[in-house]
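Novice: Protein chains in written order, with this note's numbering: chain A, 8 to 292; chain B, 22 to 271.
This is the structure, below, for whatever I ask next.
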């Protein structure tokens, strides 16, 4: 690996030397490049003009400079309200990510179980969750279920989000399990492995590698959906944004900043998953 | 004949198996296998050979009749089925190695979680078996890096790791390139010479003649003919078997 890496470095170095020496020519490849650059520039210009036109039409006083103090408080040297909200959003998202995976796995296994009751249970949960709006599920859990078990808002939000995303995760996991060839089960069973051991050591590890891409887009959905928890008075990123806007009237600046934060977080997750996938592919190819 | 030579290890009595859709795979089939015997099962495709093997280790449930292996009846009881599976090794046409595990891990897995052996003890057995199938240098490779013949030899080692009393081969060489068939058959031959009881579904007539102690010819889920390998390939007694033999020897 090291040796090969060094070699390819030498190779690219040699190549770039060669490129420097070579005079520019209108080869077909270069013509393509110029065309692409031109198109990209044109698209950028159109976008910029469009957005500028729209912004001017709003007759809105833009105060981007006033956004910064909501991200970072220079006097107290602490994260601003928006970043505090981001902390809550991340906390709720990552806890619920784990929990929704557990719900999803359990539901997938129930749906593939030979017990009619387990299949019925899983199917009912799935259909009930998938066919009703998350917002109403959230209200139902917070106002109806939570008082019974004395749950606070944070826990209600966590439960509602996890149940919702778990239903979708279960379908992804189930399709992953089904895609593992029959022969893998048979080989495991013929060695005397129990169903549990077969799932644990043979089927699920292979499933996980397959469902990583759809599961990661589910994770991104979850982070975005977590914005809904602001409706039950949890001070997440979205709720903080609303509060700041109510105070400062920086409507668009704050909302766009919040969208930017979600974008950065989710791009980061996509990047992590991309790295994981590459590592897995390298392992057994 | 001495007593030990005829000691029965598999007894199959009048088993039936019909698949959903009405396809009859086994129809009132009976046979028995003695310890150390190499039973070669031949027949046209769809004659129930594979189903027979799959019923013996409980991958398919039989509709009627009885299977007793080494004194353990294969009935509905989970414990019996598991015990039979650990005593009967199975090698599949498509190898079915676990692609996410190295060769070493493939062979360790069942030793650790079925036989409850420590990692150290499993490793000793695993390396011994890899030496036996001549793949010691591939211990840390993933199955995808191996040729078909090598994969099948790993699969044999994986089954042997359970120290089974019986080994079953379901067309173990059918999916292999011709030049790799030999290396797998060689391993199987060594096993037979060591006195392993074997059930072999194969189209390798050379192997059947050389290693087999008995041939059964199946068609339509029934036992059509049963003979010594030499007799079967030279002078099949039934019309149907004659036709089959003449086709495959061509």
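Virtual Cβ for every residue (Gly too), placed ideally from N, Cα, C.
Source: prediction; values computed, not measured.
1. Report the three-state DSSP secondary structure of residue 259 of chain A (helix, strand or coil).
2. Is the beta carbon of residue 227 of chain A less than 8 angstroms from the beta carbon of residue 157 of chain A?
3. Out of B:43, B:184, B:202, B:155, point me to the one whose CA is closest to residue 129 of chain B's CA.
4. So within the stretch 91-125 of chain B, which uninterrupted alpha helix (DSSP H) runs reach at least 4 residues, ignoring any that extend past its ends?
5. Is the beta carbon of residue 113 of chain B sitting closer than 8 angstroms to the one on residue 176 of chain B?
6. Measure the Cβ-Cβ separation of residue 168 of chain A and residue 233 of chain A and say whether it is below 8 angstroms.
7. For residue 148 of chain A and residue 126 of chain A, what's the separation of their Cα atoms in angstroms?
8. When you compare each of A:247, A:282, A:280, A:174 to residue 86 of chain A by their alpha carbons, which one comes out closest?
9. Looking at the unbroken beta strand (DSSP E) that takes in residue 236 of chain A, where does it start and where does it end?
10. Residue 195 of chain A and residue 136 of chain A: beta carbons closer than 8 angstroms?
11. So is residue 196 of chain A in contact with chain C if we call contact Cβ pairs under 8 angstroms?
12. With a cut-off of 8 angstroms, does the C-beta of residue 204 of chain A fall near any C-beta of chain B?
13. Give the single residue among A:49, A:90, A:44, A:139 whose Cα lies nearest to the Cα of residue 251 of chain A.
14. Report yes or no: do the stretch 252-269 of chain B and the stretch 89-97 of chain B share at least 3 C-beta pairs separated by less than 8 angstroms?
15. Rounded to whole angstroms, what's the CA-CA distance from residue 3 of chain A to residue 245 of chain A? Just pull it up for me.
16. Leaving out five residues on either side along the sequence, give the residues of the same chain with a beta carbon under 6 angstroms from the beta carbon of residue 216 of chain B.
17. Which full runs of the beta strand (DSSP E) of 3+ residues lie inside the stretch 111-154 of chain A, going along the chain?
18. Let's see if you can read the secondary structure: which residues bound the alpha helix (DSSP H) around residue 56 of chain B?
19. What does DSSP give as the partner residue(s) for residue 247 of chain B in the beta ladder?
20. How far does the alpha helix (DSSP H) with residue 38 of chain B in it extend, from its first residue to its last?
21. Residues bridged to residue 190 of chain B by DSSP?
22. Which word fits residue 67 of chain A, buried or exposed, when buried means at least 16 other C-beta atoms lie within 10 angstroms of its C-beta?
23. Residue 68 of chain B: buried (16+ other C-beta within 10 angstroms of its C-beta) or exposed?
24. Grouping DSSP H, G and I as helix and E and B as strand, with all else coil, what is residue 220 of chain A?
25. For the pair the stretch 108-122 of chain B and the stretch 161-172 of chain B, tell me if three or more CB-CB distances fall below 8 angstroms.
26. Going straight from the alpha carbon of residue 188 of chain B to that of residue 116 of chain B, what length do you get?
27. Using 8 angstroms as the threshold, is the C-beta distance between residue 50 of chain B and residue 244 of chain B below it?
28. Between which two residues does the alpha helix (DSSP H) carrying residue 203 of chain B extend?
29. Among residues of its own chain, excluding the 5 on either side of residue 88 of chain A, which ones have a beta-carbon nearer than 8 angstroms to its beta-carbon?
30. Does any C-beta atom of chain A lie closer than 8 angstroms to the C-beta of residue 101 of chain B?
31. In chain A, which residues lie less than 9 angstroms from residue 131 of chain B when you measure between Cβ atoms?
32. Is it buried or exposed for residue 192 of chain B, if we count other Cβ within 10 angstroms and need 16 for buried?
33. Is it buried or exposed for residue 141 of chain B, if we count other Cβ within 10 angstroms and need 16 for buried?
Specialist: Let me spell this out:
1. helix
2. no
3. B:184
4. 99-108
5. yes
6. yes
7. 24 angstroms
8. A:247
9. It is not in any beta strand (DSSP E) - residue 236 of chain A carries neither H nor E in the DSSP assignment.
10. no
11. Looking at the structure shown, chain C is missing, and the protein chains on hand are A and B.
12. yes
13. A:90
14. no
15. With chain A covering only 8 through 292, there is no way to say anything about residue 3 of chain A.
16. 57
17. none
18. First-last for residue 56 of chain B: undefined, no H or E at that position.
19. B:237
20. That residue, residue 38 of chain B, is in no alpha helix (DSSP H); its beta strand (DSSP E) goes 29-40.
21. B:112, B:221
22. exposed
23. buried
24. helix
25. yes
26. 14 angstroms
27. yes
28. 199-214
29. 77, 247, 250, 251
30. no
31. 195, 198, 199, 200, 204
32. buried
33. exposed
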